[in-house]
Every structure is written in C-alpha cells, then in structure tokens.
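Chains as they are written, first to last, in our numbering: chain F, 1 to 333; chain E, 334 to 658; chain X, 659 to 982; chain D, 983 to 1546.
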C-alpha cells in the first residue's frame, strides 16, 4: 500500500452531488449525493456497488461528461483546480491529457468506421502533444505495449476481438500519458481468460507509469486483486470508504457486509452457485427515502435510520462508514 | 460476409425482384379492361371488322395471353423493345427516353437540394435537440410530411405565378423549345423553380427526419462519449465521428425513397404540366395505352430497383465493416 | 394467461402517466380526436346537408360564395356549404384511412408474427415479398390497381376498392417491424419456458408475444393511418374517389377541377387540405411520440449541451477547502 | 465528401441565381427573332421584333393528318394550314374559299367550282385543279383510309378537273347541304399523301410538318412539350395576317391556363373553363366573350333494341317511357346551367342547338318537361314503382338502381353527375356516378350496350345533318356514331329524306319532326347548351373577330392586330 499521508492527493472529490432532471415529467433523480473521496498519485481505487448506485455517474461527473439534464454541485479538485469551476473549453484541455477513461463495453466505445490507429493518433494530435509523424510512431508503441501488433492499427474495430478492443482502448487512454485513469467496468462482457489479461495489463501499466487508477466495478474479486482503497456506494451515496484490507476484513456498514457475503467465494470455482442476493431492490432515485437509503433493506436498522441520514464518519484511520451503528471519531469531509 | 458475396447476394435479390416486377407488370396490365383496338381508334371512327382484326394481329392480341403473349413480351422487353405506343404511335422506348431526362432533371434537382438541406438541418436539429432550431425544423418536417403533395403544388403554383410571375407550365418558354437546354438555363430555371421547390419541401422534411433520428442514434453511441472524453469539441466530434456514421443509413434510405419520389413526380408533373414520366404515366392510364403504361411502369420500377442496388454497392464501399474481410 | 396481458394493462397506465407530460403527443391526440369528433357529430355541427344547393334571393345557386356571404366557410362551385362538406367529408376520409390502416396493421402483424415466429422458408417468402413491394413505386401501382379493379365491374363500391388497395399495399413496414420484434422476444426465457412446458404456438403467440408487441403495433398503426389518409386524398385528387361520398380528397379534386384557384376561393381549397394536414399531422405526432416512448434510446445523446454546475455558497466552499 | 458538398452548393447557388434571372426574363416573347426564312413586307422588316400571338389551350392535336384526325385541336390546325373549297363566313353563310364561284346543275347532280387565281402551296408551288380533284377522288375511293372524311362524301361519285381552274363533282343524288359538306374537306398537298399503299399506312402518317395553302404554316411542332409555332403565310391568297407568329401552348391544368392569361403569358384562349369565367371577367386588361355555341350536353339513356347483339345489359325499367319521363322531370336543368356553367349556357331541349342556322333548325314548338320532383314521384308511383324501406323504388324484382357514367377526361361532368344523382335520389332512384375513361365508354355504349345512363356531350356541326345522323339505327354498329342505340324506322326514313330535300323550308319541317320523335322517345335527355367562353388580352391585341366562328378561327386571326 502506498503511503497516502506523504503526498498530497491528485484528485479530491468533495460533496459531489449530481441530479438528473427527467425529460418527460421533470422529476428529479438524485444520482449522487454528497460524495467525497481522495485519489493519491499512483493509487488504485475501486468504486463498488450494485448497478445504479452512482459509480459510473461519479466518473462522468468528474470528467464532466454528463448530459445537459444533469446538475452538479460540490467540488472536484484536480491538483489545485476545481474542475467544476472550469468552462467547457478549459475542461477539454484536462480531458485525456490529465484524466483518461476506459469505458465499459469497448465493443461500442470505438468508432466503427475509423481505423483503430487513427483513433488513437487523433487523441495525441488533438492535444498538440507531437506532430503527426511522431504521433504515428507513438501509436505503434502504444499498441505494442498493450500486446497488439502495430500493423493492426490500420484495421477497423470490428476486425478486433473483444479483448483486443479493450486493450486498444487502454492504449488509447495512455496516449497522452495522463496522471489519472478511470476504468469503467473494464472487464465486463469479456470472457474469463480475457478478463485476466486485461487486469494483468492494468496492473502492469499502474506499475510502469505510476499513474492513479479509479476502477468502477461490481466485481469484488477485481477489487481485491487490483485496488488498495475501496469506495462502497449505495443509492448515490458513499456507504463505506477505506483501505481494501480493512473493508474486506472488517466491514462496518451493513450493506458492505451483505455485499461481501453475497459475493461468491473467490476460491469457489463455479460461479453458477448463485449469489446470495440481498433481499429487496435499490431505491428509485426519484423516490429516495428521507433517512438512510439502505434502511428498507437493512437487517439491523434502528428507528432513527428511517428519518435521519447517517453522516460519513471516520471509524478508523482512513476508514469511513455512513451508518448510525458505527461509532465514528469525526466527520472528516 | 465478404463484399463479393454480399454483392452477388444483392444482385440475385435484385434479379428476383425484377422478375417479379416484370410478371406483375404483365399480369396487371392484361387484366385491365377495355378493348385496346378500340382505344387506338378512338371514339368517332367507323372501322371495318377486317381492319380491326388486322390491328389485333399487329399487336399480337389474337394469341393466347399465356404463354404466347407473356414470353414474346418478355423477350422483347429483354431486348429493350417495349413495343409501340397505341396512342402516340411511336416506339415506347423512344417516348420514355424523351420524358426520362425531364423527370430526372426535376427529381435530381429536388433530391440534391433536399438531401443537402435535409442532412444539414437534420444534423443540427438532432444535435441541438429540443432547442428552438430542433422544434422548428421538426415541426416543419412533420407538417411537410403531413401535407398532400398535390395540394402544396397547387398552392405554390397559385402563389408563385401571381406574386412572382413565374411560368405555370412546361420546361421552357415556347420560344426556347427545341434548343439545347443548357443554352436557355435562366428560362429553364424559372420553369423548374416551382416544381422543384414543391418537391424539395416535401423531401426535405423526409430527409431531415431521417437524418435527425440517425444522428440522434449515433450521438447516443459510446464512441461519441469516447471522442468527447478525448477532449474534442462538439464540432470536432460531430464532423470527425458522427457525420460519417449517421450518413451511412441515408444512402440506403435515399434509394428506398425513390419510390416515394416517383409518386411525388406524378402529382407534381400533373399540377405543373411538366412533361415527364409522371404525367406520361397518368396520360397512358387514362388512354389505356397498355404498351406505354407497361413501359413506364417497368421503367419506374426497374430504376428504383437499380437505384437500390447501386446504393447497396455504394454502401459496401462506404462502410468499412463490409469492405474488408 | 393473462399475466402478460395484465402487465400490458399496467404498462398502459404507466404509459398514460408519461404520455400526459408529452406536449407533442398531447397535441397529436388533440388533432386526431377533434377530427374524429367532427366526423361523429357532423350532423350536429352543420345546418345544411352537404348536398344541398344554397340559393341566393332569386333562387339561383349561390356558387363560390365567400365566408362572409354564407357562413362559416362559404360555398363551393356547386353552391354546397363547404363547412358541411368538410364535416361530412371527415367521415369518409377517416373511415377510409382507419379501415385501410387497420387492414394494413392486421395483415402486417399477422405476416410479421408468422415470419418471425416460425422462421424458415415462410420467413424467407414473406420477407422477399416485402422486399419486392418495397421497391415497386406505390402510387403507379395503386393507380393501375384501383383502375383495374374498378373496371372489372365487381360491384364493389369505389371506397371499398380504395380501402382494400391501400390496406393491402401498406403492411410491409409493420410486417418488418413486428418480425424483428418477435425474433428478439422469441429468444427470451419466458417463451422458452412456455415452450418447454408444452404450450402450443397459438398459446405462446397470444399470451406471450402479442402483449409484448402490442404497443409497437399500435404506434406503427397510428403512423400508417396518416399515410392511408394522405394516399386516399391523393387518389381522390386524381379522380379515383367516390363523387357521391365526398372525402376531403374529393373536395380538393372538385376544387381544382372547378377552378377554385382562379376564383380565389381559398375557403374552398384551403380547408380540405388543412384538414388532411390536421389529421395526418396528428397521427404522425402521436405515432412518433409512441414510438419514441417505446424506443427510449432516442431520449438523449452525448453532445446535448453541458451539465449545469450549481454553485454552492462561498461559505460552504471555504469549509470544504479547509477540510480538504 | 467535400467535393460532393461543393457540387451541391454550386447547384443550389445556380438555382437561386436562376430564379432571380427567370423573373427578369419574363417578356421572353420578343427575345428571339422569328426564323427569318421568307420574311415578308418591308414594313415588318423594320420592326425588329416579330408580332407573336400566344394562345393557350387544354388539348393537343392527335395527328395533323386529315385522313385520321379526331380531336378538335387537329381541326383548329387544319383550318390554319389547309384550305377548303367553301367555308362559313361570320354571318353563318357559306362562301367560297379556294373556290371563287360555285354552281350546281339543274338536276342537282353536278357541282362546278371555279378556283381563285394564283393560289400557292406553302412551298411556293401552284395549287392546281388536278390536285383538288385528286383529293376528292382519294376521299371517295379510299374511304377506309380517309376515315374522317367518309361521312361528308356519301353520295359523291367522282371529281374531275375540267380545266386549269375548274373542278367538277358528280353526285349520285341531289344533296341538300353540299356547301357544308365541302367545307370539311381539307385539300391536302398530294405529294405528301400519294405514296401510301394501305389505309393503315395512310393513317399512321402523322403529318407533323404539313404543307398546305392556308394563312399560317407550322414551323415547330413539339409533341413532348406540346407547343406549336405557326408563322404567317405571306403569300396567302386571302391576304397577309397582321401578326407574324402564333404560338399555341397546351396547359394540363385549367387554373394554370387562367393564371397565364392573368399575368399575360398568353394573349388569348378560347377554352376558358366555365367555372373560372366569372373570375376571368374581373381580370384587368382581359376582355371576355360568352357566346352561345354549337355544343350540347346530354344524358344518354340506354335505348338499344332488345335484340341487339350483344344483348343490352341495362336496368329493364329504362324501357318504360314513364321512367324516362320521371327522370326527365327530376332534373333541374336551370340549376345545372346556374351551377355547373355558372350561368354561361341555356337549359337543353333538342339535339339541335338553338343557334344552329340562326335558330332555323331548332324546333321551338317543343315544350320541355318541367322540373318537378313531386311530379316525378307521382309518375313512378302510378307506373307501379313503390318506395322500399331504403328509399329506393322497385316494381317486383326491378329496383330503380342505375349506373350513371361519364367520361373521366371531363372536369364538368363529375359535378353534373353528382347533382343528377342527388335529384334522382329524391324520386327514389339510386344512381351511382362513375368516371370511366372515354375509350372504354365508347365501347360500353356502342356496341356493347352495357350501361344505364351516361353523361356526355357533342360539338355539333353548323348543319343539322350530323347531329341527326347520330340517332339513326344505321349508326348503331361498331365504330358508328350512335351511343344511345336509338332505333326508329320512321326516324331513319326522315333522316334520308332531309339529306335530299333541296328546299330549305321543306327540309326544316322534316328536321323539326325528327326532333319531336326524339323528344317523345327520350333516348337523350338534353341537359344544356354550354356557351363558348373566350378571353383575350385587350392591352396587347385588338380587332378579334367576335362571331360564331370564334376568336381563334383563322378568319379572326387574319384580322387581329397588336395594340399600338
């Protein structure tokens, strides 16, 4: 684990809230509320939770890639700049050069009618990092680095296998040597062998370049393998946040506990032995309960959980949880 | 599937379609009532039974419809011989060719204008969804779509001729008849303006709607988000990533739309007294001129089939997913 | 059964909740409904029969009388009340449009389900037929068909001929749409399950497939209605309507044949055209909205402006900064 | 991509530019000098711009071969291009045209025509008496070929050139209306017509660049764009027209025609649609003429003899004279005139229009059946037709349900049918209107006798003979003129008589008697006589000849001159 106390954080997310105004009936869906966490240089953070809990929204909010019906508030400091205060034009210069992203389902993340190499080169020349010729050489290097023969840069995405496409995406993400890489479910929809390759690749990159990675996943196995810090999200809020071993070994939030229980044992080889799923469904973002969002599904709920949302408290050193059952030291954020 | 296989498949399909069209064409026109010999002669004629018989023989109408008439007709069509028009007493092919260019000119101009404007407008409308531009363009398109062609044509005819003094009939002024068209372009354009405008307005709506939904679909694809995440401006994303993807379906749809275009031409040519295939078709119908009607129908249907085939071929060149492998 | 049908009903309720907020959809519904009401209540909203000749003081037919001479919409070339013609014409136009639309829907859905569900040679055959129909220019084909059927002396009324020809030519898009939908539904689990427990084809189609594709069929039918009404007006304009039962297209046919334009009788040639635009626009709006609601893919895209950043107060900002 | 876009831009720019340009070039009429060929008098050579008269019409000639032309548009052109031995003058009298003098022998069997001197063909050759005789003999000997002339030469034996300027026609029997008949025999240029071996070859000859001797010659005939350009024949024996060119252009849309007149794209038309006439009257600088003419519109009732082959397929009730009477009493002819013709016409009674021969031939003693729906109902009630629950009368098995057909090329008849159907429904008769294309309608009426009621019209000749011939049983054969199938031996005999009675008053009696028979039997119910409706730009041209010949007749165009 990296020593987080020495360096200053690369990314500080503070009280980030995101709402979507539904186009049809103007109802407001509160996708994120009061999300805070830090990313230090060279660190790998995992964002976990069920689908719809706000993991991807967090990444999109930070990169400001959300559609027009989204409303953001809070702060997102990259180094010392609050990204949320930038205008669109200055924001563009941060994208890819500082913050790159690998989307989930690389199937559609590459333009089907453009050569892969061309799509990577485009990212480099767009930010005027080098001239065209140099960029082409660089594309070759990048492809080789992710294990794709550079000649195949002249091919189109449909000529690639799923794993190759994901690797090409990673190569593209590295094109401008960003200091922070977001990976949104990088292994979903890939078969097991390929998943392992991609994870291996991410690990290698992390080691070679020392960049910080934020991985969004619902696969706790991936988290255990790659991450040093975990952010567990539920219903648009951070439920628990802390070092990976703390979370795995001493989960504080009932949701985290359930999540870990529901996840098949890593040793268990047959994934078809179903997840012991948590009864109930996540709350609808348009009809959030006033108190703790997990209250309706919680098995240890208190009376006040219904009315009072628990704050995110530091239960241990760098380990935070948002539960009325947890006796925390203080609210750090 | 490789491009070659795909093309062969399309070609076969086109051939089958063409055969069906030919068969329908033949059958349909044979069941049309009326005595064709009478139709040649007209109302006010005394004509002996012998002359009538000789006319029947001349047109091959004395033989059984199937197989004799069917196969002899088929063979002739294959050789480009569409028979002789009963009412105009000229080879059908010759008549059609003369009118074809006029219709191509009209439809071509209308199509080019409306495709260009429709694509541009649809692109912006889809991109700037729900803005005033989009609502305006969408409203225009939907109204254009809902407007009967002939009605719009007549209103424009009335307005254009009274307010702008534009000519109301034909392709060129009588003085310019017989001159090569390129020498009388101003006159030609004055005549083409109203019919082209009518056609353009109608197709424009169609193409705008198609382009709008096409671009909407493309813009919600993940690779657009990737491009945006790369730090590209909206313009760059639109131009470099969205446009080509959105244009691909347009190629196919433009070809498929030709049938619709032909229908439009029938109304427009009727309203503006424009001598093209559309009006010829209608005239042939009222005169029960089977060979002419058959020829016109065949020409229209085959052009649409060919245009579709062409679009398919074009598509294989534009879309790399078909091109390679 | 009826689980799927119940689901369908509940979806309908949900649907109405969303639809209520869609301005375009409401507008479309308004346009279509007003036209239907006009058709139904035609005798109540008019004071003369559409075939009555309005006369001047001397008993002569009052032709081309503008609205301020004879209200509310003046008279046509034969001295008929244009408003009465319009109201009663709605009956014919809508009847032809609706019946033709429903025939198209029925044939299209049936063939689409057959093709999608059974596949194989049947699918191939049906799809090739649609391919052929798709490329044959429709208007010429219809002109010839209507003329031919008319003159075969089959004792079918002209309107029935129109309805049949339009209905039997415009089912291709429905068939394709339904087929592709059926193809995806067929692969879903509940169908496989139903098949596994030995449910018959008809049972599966009725109880599992039909409820799923129903909304789609409805949306598509509404769109076809507008086409049918437009086509009817076009054929009537070209003189293939029934002069004794004037539709809006027939009115326009009369208007143009009888020189309404030269007479500046805008009250004669504008209203029927506007009425056609009114209804077919209504159907298009409605159909598009329905389709969009079924196909939510089109509700947003990635270049749609920027997310709004809501500034938080300075105090809070300072607080956050301090903590960070 | 970029290239395509540029191309599109260019085209668009071109179109926009052209539209601006197009409006500017509107007075295009004078821009192009006429083909100069044999340009005539010195005064006209001084004025650089030829005087062009633009005429708009709604049809186009089917052929310019007089042997086989059926459309009136063809005959309009024949009048300009060809000449006949006699012609009608504006007062309705027959005068010589090619013939200077004409005389008939005592026995009425020999007609002698003395030709004018110095008549030339358009190509400069002399027109000779042999050529005239060749024409008449060709018509007589090749009736299968010269189909359209055959009615006019019945009873002709032969023609002979007596000398260089005299032609003689021998007849089988005296003919009462020789001048009228001869006025329809266009004298064509023999070299153009000599070479055809068979009648079909002759008829297939379209003759689109005819050589004639008339006051105008055709320089351009574009069948695709349907434009005919005629140039004045400077050497015409009747003098030179005051205009240089006449341009005929065809409009498919009558509103477009009216619009063209309004904005001055055309200078005159003799086909103002009845429903637009009132509007045209209000146009600035446009003069209109509404004149009673020779046209009539009738309701044909299937009257084919029961033993006709094929057997008539009609509602048997139509054979009942009372039903015919009831139908006649249920038609408001004045309403038809007021509404359909917008007042430009007269209710019809007889098959002979009232203006023919200045009213001489029209039987004014006949009192028409009055419009009276009650009377119609009473007649049917008395005849045993009882109203059913659906409002349709029936007698036994016979229900009064009738087809009401009309030719699809008319813009007036749908309205007529619509109104008649409404009236008939008031007396318990259900009539179903149906547009049928004209050629099919020809076959349906004759010889198939497969119809009930048909609305149709005739343009009568100036002489009663033709209209009367239409109702003879001899004409009810395939290709004949009869469409009602009317068959009455008394009528047939009267028809033959009137052809041969030279005395005009005697002939009048027979003609009147024939009209009485027709009125009694009602094979036709004559609906109305529509006026000839004409209009011209009075700011551009003047001195049109306002006569029954029409302002578009060659006599009229000979005297038209531009407004100074």
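In this text, a Cβ means the ideal position worked out from N, Cα and C, and glycines have one as well. As the structure is a computational prediction, the values presented were derived from the model and not from experiment.
Item: Inside the region 462 to 525 of chain E only - alpha helix (DSSP H) runs reaching at least 4 residues; Value: 465 to 479 and 482 to 496
Item: Near the ligand SAH: residue 64/F beta-carbon under 7 Å from a heavy atom; Value: Judged by which ligands are present, the structure shown has none, so any question about the ligand SAH falls away.
Item: Cβ distance (whole Å) where residue 462/E is taken to contact residue 962/X below 8 Å; Value: 6 Å
Item: Near-chain E residues of the region 1362 to 1391 of chain D (beta-carbon distance less than 8 Å), N- to C-terminal order; Value: 1390 and 1391
Item: Burial state of residue 319/F (16 or more Cβ within 10 Å); Value: buried
Item: Members of the region 116 to 147 of chain F near chain E, C-beta cut-off 9 Å; Value: 119, 122, 123, 126 and 127
Item: Span of the beta strand (DSSP E) around residue 1552/D; Value: This structure gives no information on residue 1552/D, because the portion of chain D shown stretches from 983 to 1546.
Item: Nearest candidate by alpha-carbon position, reference residue 167/F, set 138/F, 200/F and 179/F; Value: 200/F
Item: Cβ-Cβ distance between residue 1507/D and residue 1411/D below 8 Å; Value: no
Item: Residue environment, residue 512/E, which counts as buried when at least 16 other CB atoms sit within 10 Å; Value: exposed
Item: Boundaries (first-last residue) of the alpha helix (DSSP H) holding residue 1463/D; Value: Element bounds for residue 1463/D: n/a, residue is neither H nor E.
Item: As assigned by DSSP and simplified to three states, the class of residue 319/F; Value: strand
Item: Per-residue DSSP class, three states only, for residue 276/E; Value: What is shown of chain E runs 334 to 658, which leaves residue 276/E out entirely.
Item: Contact check, residue 563/E vs residue 84/F, beta carbons under 8 Å; Value: no
Item: Counterpart residues of residue 241/F in DSSP-defined beta bridges; Value: 231/F and 320/F
Item: Any C-beta of chain F under 8 Å from that of residue 561/E; Value: yes
Item: Length-filtered (4 minimum) alpha helix (DSSP H) runs lying within the region 882 to 940 of chain X; Value: 906 to 915
Item: Closer than 8 Å to chain X by CB, residue 1404/D; Value: yes
Item: Pairwise C-alpha distance: residue 1275/D and residue 1514/D; Value: 5 Å
Item: Buried versus exposed, by CB contacts within 10 Å (16 or more), residue 89/F; Value: exposed
Item: Paired residues, beta bridge with residue 1512/D - DSSP; Value: 1327/D
Item: CB of residue 38/F within 8 Å of CB of residue 12/F, strictly; Value: yes
Item: Cβ-based burial, residue 814/X [other Cβ within 10 Å; buried from 16]; Value: exposed
Item: Top-ranked residue by Cα proximity to residue 560/E, from 87/F, 124/F and 18/F; Value: 124/F
Item: Residues within the region 912 to 924 of chain X neighbouring chain A, beta-carbon criterion of under 7 Å; Value: Any reference to chain A falls outside this structure, whose protein chains are F, E, X and D.
Item: 8 Å CB neighbourhood of residue 1157/D in its chain, flanking five on each side removed; Value: 1090, 1137, 1163, 1481 and 1482
Item: Residue range of the beta strand (DSSP E) that includes residue 1377/D; Value: 1375 to 1377
Item: Limits of the unbroken alpha helix (DSSP H) element including residue 651/E; Value: 623 to 651
Item: Rounded straight-line distance, which links the Cα of residue 623/E to that of residue 1216/D; Value: 44 Å
Item: Per-residue contacts from residue 963/X into chain F (C-beta, under 7 Å); Value: 68
Item: Neighbour-count burial assignment, residue 1487/D, 16 or more Cβ in a 10 Å radius; Value: exposed
Item: Cβ of residue 504/E within 8 Å of any chain D Cβ; Value: yes
Item: Spatial distance of residue 437/E from residue 1338/D (CA atoms); Value: 50 Å
Item: 8 Å Cβ cutoff met for residue 521/E and residue 504/E; Value: yes
Item: DSSP-derived helix/strand/coil call for residue 115/F; Value: coil
Item: Contact under 8 Å by Cβ, residue 52/F with residue 282/F; Value: yes
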